[in-house]
Amino acid sequence: MAESEITVYAIVGPTASGKTALAVEISKRIGAEVVSCDSMQIYKGMDIATAKPTPEEMQGVPHHLIGFLDEGETYSVARYCEDAGRAIRDISSRGKIPLLVGGTGLYYSSLAGNVKFFEEESDVSYRESLMERARAEGSEALLKELYEVDPERAQTLHENDVKRIVRALEIYHTTGKSITMQNEESRLEKSPYKFKTVCLDAEDRQFLYDRINSRVDSMLESGLLEEAKSFYGKETGSTAAQAIGYKELKPYFDGEKPLEDCVSDLKMQTRRYAKRQLTWFRRCENVKHIYIDKAGSFDELANEVTDYFMNGGDVENEQ
Numbered sequence: 002m003a004e005s006e007i008t009v010y011a012i013v014g015p016t017a018s019g020k021t022a023l024a025v026e027i028s029k030r031i032g033a034e035v036v037s038c039d040s041m042q043i044y045k046g047m048d049i050a051t052a053k054p055t056p057e058e059m060q061g062v063p064h065h066l067i068g069f070l071d072e073g074e075t076y077s078v079a080r081y082c083e084d085a086g087r088a089i090r091d092i093s094s095r096g097k098i099p100l101l102v103g104g105t106g107l108y109y110s111s112l113a114g115n116v117k118f119f120e121e122e123s124d125v126s127y128r129e130s131l132m133e134r135a136r137a138e139g140s141e142a143l144l145k146e147l148y149e150v151d152p153e154r155a156q157t158l159h160e161n162d163v164k165r166i167v168r169a170l171e172i173y174h175t176t177g178k179s180i181t182m183q184n185e186e187s188r189l190e191k192s193p194y195k196f197k198t199v200c201l202d203a204e205d206r207q208f209l210y211d212r213i214n215s216r217v218d219s220m221l222e223s224g225l226l227e228e229a230k231s232f233y234g235k236e237t238g239s240t241a242a243q244a245i246g247y248k249e250l251k252p253y254f255d256g257e258k259p260l261e262d263c264v265s266d267l268k269m270q271t272r273r274y275a276k277r278q279l280t281w282f283r284r285c286e287n288v289k290h291i292y293i294d295k296a297g298s299f300d301e302l303a304n305e306v307t308d309y310f311m312n313g314g315d316v317e318n319e320q
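Be aware that the sequence shown starts at 2, since it is given in the working numbering, and climbs by one per residue.
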């Protein structure tokens with residue numbers, strides 16, 4: 002099969018929307034293999050905080066790009082697109098269907114939009130001045146500044162992700178163009194993949210928030226506190242350290258806050274992240290939104306998504 006003929010199915014959406022279980026069920030039905038689209042599940046050892054699927058949950062369905070990177074390493078969207086493209090081509094070459102699954106909007110949009118990445122110029126002295134400002138003024142000030150020049154990129158970043166905030170500001174400073182603008186200009190070549198994408202959405206936001214709160218409680222019962230404690234103090238400047246579920250518990254380990262307050266903050270930050278995810282995917286073109294609070298049983302949801310993948314027509318900005 003020529004590369005230009007590769008069809009990729011995708012299930013995206015916010016955390017706790019049920020993407021993993023649905024992807025496994027559909028993979029068993031149509032002969033698919035999962036390619037993760039999650040910027041934190043790529044790391045080794047970060048199992049509970051990132052809701053990484055267990056071998057039991059995978060039910061024998063191969064999953065790619067999960068748990069292959071050491072926690073101290075950084076990882077870029079450009080590298081993700083290379084790795085995901087390689088996995089997609091491999092899966093397709095073996096007669097299987099690639100099924101992209103996850104909630105990292107930047108990864109999905111860059112891969113589906115066939116964004117090309119180029120080497121940007123660097124300004125080390127400017128970068129160092131930004132890092133100094135982050136230490137003196139706080140990273141929130143830099144993120145606010147990024148919102149002024151590249152709001153779409155800023156929306157994808159947590160205020161603690163200093164390295165990426167600084168890099169985005171540096172790129173704008175050295176090139177006069179934001180990362181978002183450069184990405185738009187780089188969409189020059191026709192994509193080698195044809196994406197058919199479903200976003201698991203919720204009309205009733207509280208329905209999703211209740212699921213998020215329950216998931217956090219389940220994570221704690223499964224050992225999140227112990228996992229976070231073992232991670233505490235390791236590579237705090239790495240991308241992995243920004244995972245929701247670790248940094249919110251740090252004040253508890255530092256003796257600054259009671260556990261109950263940290264858990265409440267964790268639930269709140271997770272809900273905020275889910276809201277950002279939904280905002281991202283609702284801006285994406287050619288995505289069919291299916292509302293989990295209206296879909297009925299799990300089997301009915303799986304039937305609807307399977308039918309769309311195998312028989313449904315094209316979608317234009319469907320929500």
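Don't be surprised by glycine CBs; every beta carbon is placed ideally from N, CA and C.
With DSSP run on the structure shown, which of helix, strand or coil describes residue i?
i	result
residue 262	helix
residue 64	strand
residue 91	helix
residue 126	helix
residue 252	helix
residue 103	strand
residue 37	strand
residue 44	strand
residue 318	Note that residue 318 scores a pLDDT of 38, beneath 50, so its modelled location is shaky and nothing firm can be said.
residue 213	helix
residue 311	helix
residue 237	The predicted position of residue 237 is uncertain, since its pLDDT is 48 and thus under 50; no value can be drawn from it.
residue 81	helix
residue 75	coil
residue 86	helix
residue 56	helix
residue 117	coil
residue 208	helix
residue 295	coil
residue 138	helix
residue 50	coil
residue 257	coil
residue 303	helix
residue 17	coil
Thinking C-beta only, is residue j closer than 8 Å to residue i?
i	j	result
residue 105	residue 58	no
residue 118	residue 79	yes
residue 115	residue 40	no
residue 68	residue 200	no
residue 144	residue 160	yes
residue 128	residue 171	yes
residue 256	residue 50	no
residue 209	residue 17	yes
residue 107	residue 157	yes
residue 23	residue 288	no
residue 203	residue 292	yes
residue 9	residue 309	no
residue 135	residue 167	yes
residue 286	residue 266	no
residue 230	residue 254	yes
residue 175	residue 123	yes
residue 72	residue 45	yes
residue 112	residue 88	no
residue 93	residue 7	yes
residue 179	residue 150	yes
residue 268	residue 214	yes
residue 1	residue 27	This structure cannot speak to residue 1, because the chain is shown only from 2 to 320.
residue 140	residue 163	yes
residue 11	residue 198	yes
Name the DSSP beta bridge partners of residue i, please?
i	result
residue 199	12, 289
residue 27	Its beta-bridge partners do not exist; DSSP assigns none.
residue 131	Per DSSP, none; premise fails for residue 131.
residue 279	BP columns for residue 279 are empty, so no partner.
residue 144	In DSSP, residue 144 forms no bridge with anything.
residue 70	44
residue 245	Per DSSP, none; premise fails for residue 245.
residue 98	33
residue 7	194
Any 3 or more C-beta pairs closer than 8 Å across the region 27 to 37 and the region 96 to 103: yes
Runs of alpha helix (DSSP H) lying entirely within the region 155 to 194, each at least 4 residues, in chain order: 163 to 176, 180 to 186
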